[in-house]
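Protein chains in written order, with this note's numbering: chain Y, 33 to 110; chain C, 2 to 344.
Even glycine gets a Cβ: it sits at the ideal position worked out from N, Cα and C.
Take a look at the structure below.
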């Protein structure tokens, strides 16, 4: 089953876009539910994105990509 | 840390690696505490104290006023009295307002007391430019600190070394200046160097202070650098590989003590040396490395050494002017071509 990792709607206030500053796991790695996988920066504040489920990570949006709330940044294959 | 990742493949930014090392030492040793500007609830303007305030509270993670002389002086006192403080000088460029506390008190009290007083503190400070923060927020000043006796000085280029060096620095009974380059912190607005975010073990470990690393092996040319410069060297080495040139990259990691043996051993194999340093060209790390090789009789150089360093000018604010002045992979490759033409 495939689960998308999206930027949560409540991660920060307002509708400002952010930038992925770091992927903290490699593409193709196995991650566990709740693992910290990426950081997104919005106006010099950094937010954390966790894996919603366990699975094999497939990165869809690279570091330095601009993302909005709801953007799919990766997929998890369980 | 508010969140941890348990997978074996997890990577950390240098900012997270520094915070993790600090948190682990604070859990293990009640004498360890942190002081500085915005290092509390904000987690440090460069992210390296994130999570500490939530876990350890305001008594052990102390936000200070803008008063570097006072809080660095206070840290020297606390360290002399048995504590193990970690203090942050937000930008190394601000050293002018607190240098007496650093190099007359922190660096020398142990010597002055005949070793009776130890000063086990860590002074962490950000270095480097590239994001248009002008001449009073962009310097490296590595040589300024490495020149003055009495302090160890470390400069990590990646998160693995950052965690191990931070743990070693906190446990060291001597004062250690921990200089971290802003472009390696994983904070997007400072210019992100992806190569600095690497796999980091969760358990506590140390990287020996005073030991350089060979970041890439090669036999035609030795590139020596530190901090962000290591990544310029690795890019230059990949470009040179396409020309059939095999470049070795030595990451100094530590300026005091300086691992001259690793540098000399590398240059003894390759016979060619280029030093890359984002600190100023004259009277700096680059000159010290070249002198260390030149004064060693066993080294046979095939060409005169070169340096790719920051020009001896105040750092420009204008982006085009600043980028012109910074070291880069292109400049390293050009320096090698020039070296071949001259020899």
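Where residue i falls: helix, strand or coil (DSSP)
{"i": "residue 184 of chain C", "result": "helix"}
{"i": "residue 78 of chain Y", "result": "strand"}
{"i": "residue 1 of chain C", "result": "Nothing can be reported for residue 1 of chain C, as the shown portion of chain C is limited to 2 through 344."}
{"i": "residue 241 of chain C", "result": "helix"}
{"i": "residue 81 of chain C", "result": "helix"}
{"i": "residue 56 of chain Y", "result": "coil"}
{"i": "residue 102 of chain Y", "result": "coil"}
{"i": "residue 329 of chain C", "result": "coil"}
{"i": "residue 4 of chain C", "result": "With a pLDDT of only 46 at residue 4 of chain C, under the threshold of 50, the placement of this residue in the model should not be trusted, and no figure is reported."}
{"i": "residue 20 of chain C", "result": "helix"}
{"i": "residue 228 of chain C", "result": "coil"}
{"i": "residue 35 of chain Y", "result": "strand"}
{"i": "residue 343 of chain C", "result": "helix"}
{"i": "residue 320 of chain C", "result": "helix"}
{"i": "residue 308 of chain C", "result": "strand"}
{"i": "residue 261 of chain C", "result": "helix"}
{"i": "residue 93 of chain Y", "result": "coil"}
{"i": "residue 67 of chain C", "result": "coil"}
{"i": "residue 91 of chain C", "result": "strand"}
{"i": "residue 102 of chain C", "result": "helix"}
{"i": "residue 252 of chain C", "result": "strand"}
{"i": "residue 73 of chain C", "result": "helix"}
{"i": "residue 54 of chain C", "result": "helix"}
{"i": "residue 156 of chain C", "result": "coil"}
{"i": "residue 13 of chain C", "result": "strand"}
{"i": "residue 179 of chain C", "result": "strand"}
{"i": "residue 162 of chain C", "result": "helix"}
{"i": "residue 301 of chain C", "result": "coil"}
{"i": "residue 210 of chain C", "result": "coil"}
{"i": "residue 119 of chain Y", "result": "Chain Y is shown from 33 up to 110; residue 119 of chain Y falls before or after that span and cannot be answered."}
Residue i: CB within 7 Å of a non-hydrogen atom of the ligand HEM
{"i": "residue 249 of chain C", "result": "With respect to the ligand HEM, the structure shown offers nothing to examine, as it has no ligands at all."}
Interface residues of chain C facing residue i [CB-CB closer than 9 Å]
{"i": "residue 42 of chain Y", "result": "None at all; the shortest Cβ gap to chain C is about 16 Å."}
{"i": "residue 101 of chain Y", "result": "Those within 9 Å of residue 101 of chain Y in chain C number zero; the least Cβ separation is about 17 Å."}
{"i": "residue 78 of chain Y", "result": "16, 44, 48, 51, 187, 188 and 189"}
Chain-ordered chain Y contacts of residue i [CB-CB under 8 Å]
{"i": "residue 12 of chain C", "result": "54, 55, 56, 57 and 58"}
Interface partners of residue i on chain Y, CB under 7 Å
{"i": "residue 195 of chain C", "result": "95"}
Short Cβ contact (8 Å threshold) for residue i with residue j
{"i": "residue 229 of chain C", "j": "residue 182 of chain C", "result": "yes"}
{"i": "residue 155 of chain C", "j": "residue 170 of chain C", "result": "yes"}
{"i": "residue 126 of chain C", "j": "residue 172 of chain C", "result": "no"}
{"i": "residue 53 of chain Y", "j": "residue 85 of chain Y", "result": "no"}
{"i": "residue 291 of chain C", "j": "residue 312 of chain C", "result": "no"}
{"i": "residue 65 of chain Y", "j": "residue 92 of chain Y", "result": "no"}
{"i": "residue 350 of chain C", "j": "residue 36 of chain C", "result": "This structure does not reach residue 350 of chain C, given that chain C is present from 2 up to 344, and the question cannot be answered."}
{"i": "residue 1 of chain C", "j": "residue 123 of chain C", "result": "One cannot answer for residue 1 of chain C here, as it falls past the ends of chain C, which runs 2 to 344."}
{"i": "residue 107 of chain C", "j": "residue 143 of chain C", "result": "no"}
{"i": "residue 258 of chain C", "j": "residue 189 of chain C", "result": "no"}
{"i": "residue 50 of chain Y", "j": "residue 73 of chain Y", "result": "yes"}
{"i": "residue 205 of chain C", "j": "residue 25 of chain C", "result": "yes"}
{"i": "residue 248 of chain C", "j": "residue 241 of chain C", "result": "yes"}
{"i": "residue 70 of chain Y", "j": "residue 81 of chain Y", "result": "yes"}
{"i": "residue 121 of chain C", "j": "residue 159 of chain C", "result": "no"}
{"i": "residue 11 of chain C", "j": "residue 56 of chain Y", "result": "yes"}
{"i": "residue 333 of chain C", "j": "residue 266 of chain C", "result": "no"}
{"i": "residue 67 of chain C", "j": "residue 38 of chain C", "result": "yes"}
{"i": "residue 91 of chain C", "j": "residue 34 of chain C", "result": "no"}
{"i": "residue 269 of chain C", "j": "residue 295 of chain C", "result": "no"}
{"i": "residue 78 of chain C", "j": "residue 109 of chain C", "result": "no"}
{"i": "residue 13 of chain C", "j": "residue 198 of chain C", "result": "yes"}
{"i": "residue 215 of chain C", "j": "residue 264 of chain C", "result": "no"}
{"i": "residue 222 of chain C", "j": "residue 246 of chain C", "result": "yes"}
{"i": "residue 343 of chain C", "j": "residue 310 of chain C", "result": "no"}
Under 8 Å by beta carbon: chain C residues contacting residue i
{"i": "residue 88 of chain Y", "result": "Result: empty, since nearest Cβ-Cβ is about 11 Å, beyond 8 Å."}
{"i": "residue 71 of chain Y", "result": "14 and 187"}
{"i": "residue 51 of chain Y", "result": "189"}
8 Å Cβ cutoff, residue i in contact with chain A
{"i": "residue 19 of chain C", "result": "No chain A is present in this structure, whose protein chains are Y and C."}
*Are the segment 131–141 of chain C and the segment 318–329 of chain C touching, with three or more C-beta to C-beta distances below 8 Å?*
Enough Cβ pairs lie closer than 8 Å, so yes.
*Spell out a yes or no on whether the segment 46–54 of chain C and the segment 18–27 of chain C are touching, meaning 3 or more CB-CB pairs, one atom from each, closer than 8 Å.*
At 8 Å Cβ cutoff, the stretches touch.
*Taking Cβ-Cβ distances below 7 Å as the criterion, which residues of the segment 34–67 of chain C are in contact with chain Y?*
Those residues of the segment 34–67 of chain C that come within reach of chain Y (Cβ to Cβ, closer than 7 Å) are 48.
_Near-chain Y residues of the segment 186–215 of chain C - C-beta to any C-beta below 7 Å_ = From the segment 186–215 of chain C, only 187, 188, 189, 190, 193, 195 and 198 have a Cβ closer than 7 Å to chain Y.
*Count the C-beta pairs between the segment 229–244 of chain C and the segment 270–287 of chain C that are closer than 8 Å, then say yes if the count reaches three, no if not.*
Touching, yes, given that three or more Cβ pairs across the two stretches are closer than 8 Å.
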